[in-house]
Amino acid sequence: MYVTLALAKQHLNIESGYTAEDTYITHLIEVAEKTVERHIDYLLEDYIEGEGDELPKPLQHAILLYVGDLYMSREANAYGVSVTEVPFSYDYLLSLYKDYSQLHTIVNERAMLDEICQHTYLNETTGDLEIESGFVAKCRMCGGAKSKAYERLMAKVIATAHINNNGEVEMGG
85 MYVTLALAKQ HLNIESGYTA EDTYITHLIE VAEKTVERHI DYLLEDYIEG EGDELPKPLQ
145 HAILLYVGDL YMSREANAYG VSVTEVPFSY DYLLSLYKDY SQLHTIVNER AMLDEICQHT
205 YLNETTGDLE IESGFVAKCR MCGGAKSKAY ERLMAKVIAT AHINNNGEVE MGG
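Here's what the structure looks like:
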């Protein structure tokens, strides 16, 4: 989790010693983090700053805002209330990080996996699959390299690829 239970409880104005709802709040944090990921079309881990597991503060706050909404509105309907969205809050914070390029579609990922496979070989000495030294996967749509996303794809190739009957590296069975 990228938002701690302690931070979420502070945001919700819940005393740290009150633990009866810790499991529920932890669940809300997990839901909020997945929802934010889907909203921005990008993995949160790709936004980790520095050596720790810390997200940029606007993303953390968007998660906290969503946790607060989920905690306070536990049902799908509200009766007899008037609700107004606060400007420059959840949607605005996420718009700063949304991947509008759609670079990470399944089709593009498949193309990247195929390209990585073409630059992967069997190390005869160790028997391991390795990627050519200096190879950097580049997006076919924009020509750019998004290091964390592509490092993850390259690791996926190493972990799941195999040598087929023709001596080529391929994914799947």
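Remember, my numbering sits 84 above the position in the sequence shown when you count from 1.
All residues carry an ideal CB built from backbone N, CA and C; glycine is no exception.
Model, not experiment: these values are computed from the prediction.
What does a CB cutoff of less than 8 Å around residue i pick up in its chain, not counting 5 residues either side in sequence?
| i | result |
| --- | --- |
| E121 | L127, L128 |
| I109 | L89, A92, K93, L96, I98, V151, Y155 |
| D183 | I124, D125, Y126 |
| D137 | Y86 |
Can you list, in chain order, the residues of its chain whose CB lies under 6 Å from that of residue i, leaving out five sequence neighbours each side?
| i | result |
| --- | --- |
| H123 | L178 |
| M85 | I113 |
| E216 | H203 |
| G164 | none |
| L180 | P142 |
CB-CB under 7 Å to residue i, same chain, minus the five flanking residues each way: which ones, in chain order?
| i | result |
| --- | --- |
| H145 | L177 |
| L112 | V151, L154, Y155 |
| S173 | L149 |
| P171 | none |
Compare the beta carbon distance of residue i and residue j with 8 Å and say whether it is the shorter of the two.
| i | j | result |
| --- | --- | --- |
| V263 | L213 | As shown, the chain starts at 85 and ends at 257. That puts residue 263 outside it, with no answer to give. |
| I147 | E117 | yes |
Going straight from the alpha carbon of residue i to that of residue j, what length do you get?
| i | j | result |
| --- | --- | --- |
| T244 | C201 | 11 Å |
| E208 | Y102 | 59 Å |
| E105 | E114 | 14 Å |
| N248 | I242 | 14 Å |
| H246 | L206 | 9 Å |
| A296 | L139 | Outside the shown range of the chain, which is 85 to 257, sits residue 296, and nothing can be said about it. |
| M255 | A239 | 12 Å |
| C226 | E199 | In this predicted model, C226 has a pLDDT of only 49, less than 50, meaning its place in the structure is not dependable; the value taken from the coordinates is given anyway. Answer to the nearest angstrom: the Cα atoms are 15 Å apart. |
| T119 | D175 | 12 Å |
Counting only runs that start and end within the stretch 158–216, where is the beta strand (DSSP E) found for 3 or more residues in a row?
204–206, 213–215
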